[in-house]
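In case it helps, the numbering used here puts the sequence shown at residues 53 to 119.
Backbone N, C-alpha and C define an ideal beta-carbon position, used for all residues, glycine too.
All of these numbers come straight from a predicted model, not from anything done at the bench.
Structure first, commentary second.
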Amino acid sequence: MIYFDNAASGWPKPPEVLQAMADFMERVGANPGRSGHRLAVEAARIVYAAREGLAKLFGASDPLRIV
């Protein structure tokens, strides 16, 4: 298992993490998979796109196996 959640507990946060989170909170600010409204769907799309990028980076065949 590869641990990708260092930014959740590490400090200080890299500037890129802070900017990405600020952009997300300003633009979307919803929980992915918690509802069917437009912002929740957009949040889920962002999470899936991140999974796709990580799957490609690590050569994984199924982005849904990236958790």
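Sequence-distant residues of the same chain with beta carbon closer than 6 Å to residue i, five excluded per side
i	result
Leu-106	Ile-118
Same chain, Cβ closer than 8 Å to residue i, five either side skipped, listed in chain order
i	result
Ser-61	none
8 Å contact criterion, which residue i and residue j should meet: CB distance rounded
i	j	result
Pro-115	Arg-103	4 Å
Ala-82	Leu-91	4 Å
Assigned exposure category for residue i - 16 Cβ within 10 Å defines buried
i	result
Ala-74	exposed
Ala-101	exposed
Option nearest residue i by Cα separation, candidates the options
i	options	result
Met-86	Ala-101, Ile-54, Ala-112, Ala-96	One point to set straight first is that residue 86 is Arg, not Met, in the sequence displayed. Of the listed residues, the one whose Cα sits closest to Arg-86 is Ala-96.
Arg-79	Tyr-55, Ile-98, Phe-56	Ile-98
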